[in-house]
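Chemist:
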Ligand SMILES: [Zn+2]
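Residue numbers (the numbering used here): 11 to 423.
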């Protein structure tokens, strides 16, 4: 079938020897929320499995779904929320001051430039920008705000064509690398597009957080790779590039910003060795760490199912809080379906009235939640917003309402 293929080589080192680390079962794409009409039709499901490369310790999916199919009914869009806008502004100012200010001709290229929210911040400086964005509608919005945009996926051929005209001082790619199947082609493209003293800056979630906090629900079909510095460094070296700095980012919790250049162009910061040390200290270069992770995830599933069974025995109304992609991974893996959860609340209007893929739980407007607080238990599917949710739901908690937080360990509050 053309919608799905099984990959045989490591994305970073081309090795063919893998160890299956975690099997999350067959799951529908986690963003394919269902309309009422789609409920009766059979759903297409694909294996969701995490593999470890035995040579470079890169953890990745080998089950690859065609990206056109995967993103066809994508409800999630980068919303330009205030924290994101602030984050971008700081990001751009820092890069400009450190790497562009003193240059004569300044060229910045962003891969996956979305609607141009980040690049727009460069326009106040004397910078020549180019966005690369595969989504037609986003590329159009971006062009309207005077940002030159290529409507395409990024690959070597595109990079080569662009590089005939110009090369970049800075190439930016935020939360892109994890989605790219052919990373070899991708990094060749970066190399040809970069000036001799240019830098490549990217942000990715750090795999250490996934492993340490058992965040298995952040594993879904769109995310093909989960990066550690140990395996990234090796991969970049092989491609005549090197990491010279790493910064932790707060915005998505657990995201790292990695600075890359051609060899021996910048002084290497201590952060690089610090990250390597931390990763080794946590056993990211030891296969046993991944087996333990796998066991712990299975145990979490068992504990969560047990807790829910007890609550059901007490006639509690259990509902989901936040209909997210990762919530769907958790529900499908733990087999929590519409017989267990009555509904899920979500503020996204587009999702309301739809049903969760696989588990077919109806999604409702939070305003329509029954007013039976002492009887209710909210399963926190958007656990990454835990603090904000608890703050917003003070009254509910005071009235005797409860939350069940699933990760890193199921607890009732
Ligand atoms: Zn590898």
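All residues carry an ideal CB built from backbone N, CA and C; glycine is no exception. All of these numbers come straight from a predicted model, not from anything done at the bench.
With C-beta atoms as the reference, is residue 182 less than 7 Å away from residue 214?
Modeler: no
Chemist: Measure the beta-carbon distance from residue 156 to residue 141 and round it to whole angstroms, keeping in mind my assumption that it falls under 8 Å.
Modeler: Residue 156 to residue 141, Cβ: 11 Å. No contact.
Chemist: Terminal residues of the continuous alpha helix (DSSP H) containing residue 398?
Modeler: 396-402
Chemist: Look at residue 256 and residue 266 and say whether their C-beta atoms are less than 7 Å apart.
Modeler: yes
Chemist: Put residue 217 into one of helix, strand or coil per three-state DSSP.
Modeler: Residue state, collapsed to three classes: helix.
Chemist: Comparing C-alpha positions only, which one of 208, 193, 16 and 176 sits nearest to residue 273?
Modeler: 208
Chemist: Among 26, 282 and 221, which one has its Cα closest to the Cα of residue 430?
Modeler: Not covered by the structure: residue 430. The range shown for the chain is 11 to 423.
Chemist: Between the region 355-367 and the region 297-309, can you find at least three pairs of beta-carbon atoms closer than 8 Å?
Modeler: no
Chemist: So if DSSP puts residue 386 in a beta bridge, which residue, or which two residues, is it bridged to?
Modeler: 327
Chemist: Under 6 Å from any heavy atom of ligand 1, by CB: list those residues in chain order, please.
Modeler: Listed by chain position, these are 20, 22, 23, 25, 63, 65, 66 and 68.
Chemist: Ignoring anything shorter than 4 residues, give me the alpha helix (DSSP H) runs that lie fully in the region 154-183, in order along the chain.
Modeler: 166-173
Chemist: Return the CA-CA distance between residue 400 and residue 202, expressed in angstroms with no decimal places.
Modeler: If you take the alpha carbons of residue 400 and residue 202, they lie about 49 Å apart.
Chemist: How would you call residue 425, buried or exposed, if buried means at least 16 neighbouring beta carbons within 10 angstroms?
Modeler: Within the shown structure, residues of the chain are numbered from 11 to 423, placing residue 425 beyond reach of any answer.
Chemist: Which residue from 420, 379, 50 and 78 puts its Cα closest to that of residue 223?
Modeler: 420
Chemist: Applying the 10 Å Cβ sphere with the 16-neighbour rule, what's the burial state of residue 150?
Modeler: exposed
Chemist: State the beta-bridge partners of residue 259 as determined by DSSP.
Modeler: 265
Chemist: Using the beta-carbon count (16 or more within 10 Å), is residue 147 buried or exposed?
Modeler: Its Cβ having fewer than 16 others within 10 Å, residue 147 is exposed.
Chemist: In the DSSP assignment, what are the bridge partners of residue 28?
Modeler: 63
Chemist: Tell me whether residue 21 sits in a helix, a strand or coil according to DSSP, three-state version.
Modeler: coil
Chemist: If we ignore side chains and look at the alpha-carbon of each, how far apart do residue 56 and residue 38 end up?
Modeler: 6 Å
Chemist: Based on Cα-Cα distance, which residue from 304, 179 and 95 lies nearest to residue 275?
Modeler: Residue 275 has its Cα closest to that of 179, out of 304, 179 and 95.
Chemist: Are the CB atoms of residue 347 and residue 369 within a distance shorter than 7 Å?
Modeler: yes
Chemist: So, helix, strand or coil for residue 234, using DSSP?
Modeler: coil
Chemist: How big is the Cα-Cα spacing for residue 196 and residue 121?
Modeler: 11 Å
Chemist: Relative to the alpha-carbon of residue 204, which residue among 413, 271 and 314 has its alpha-carbon at the smallest distance?
Modeler: Looking at 413, 271 and 314, the one whose alpha-carbon comes closest to that of residue 204 is 271.
Chemist: Helix, strand or coil for residue 355, going by three-state DSSP, please let me know.
Modeler: strand
Chemist: With 16 as the cutoff for other CB atoms within 10 Å, does residue 172 come out buried or exposed?
Modeler: buried
Chemist: Distance, Cα to Cα, residue 418 vs residue 305?
Modeler: Those two C-alpha atoms are separated by around 13 Å.
Chemist: Let's test the definition: count the other Cβ atoms within 10 Å of the Cβ of residue 333 and tell me whether it reaches 16, buried, or not, exposed.
Modeler: So residue 333 ends up on the buried side.
Chemist: Whole angstroms is fine: what's the gap from residue 280's alpha carbon to residue 322's?
Modeler: Rounded to the nearest angstrom, the two C-alpha atoms are 52 Å apart.
Chemist: Thinking residue 29 and residue 64 are a contact (beta carbons under 8 Å), I'd like their distance in whole angstroms, please.
Modeler: Right, the Cβ-Cβ distance comes to about 6 Å (below 8 Å), so this counts as a contact.
Chemist: Could you check the C-alpha separation between residue 393 and residue 235 for me, to the nearest Å?
Modeler: 22 Å
Chemist: Mapping the DSSP letters down to three states, classify residue 16 as helix, strand or coil.
Modeler: strand
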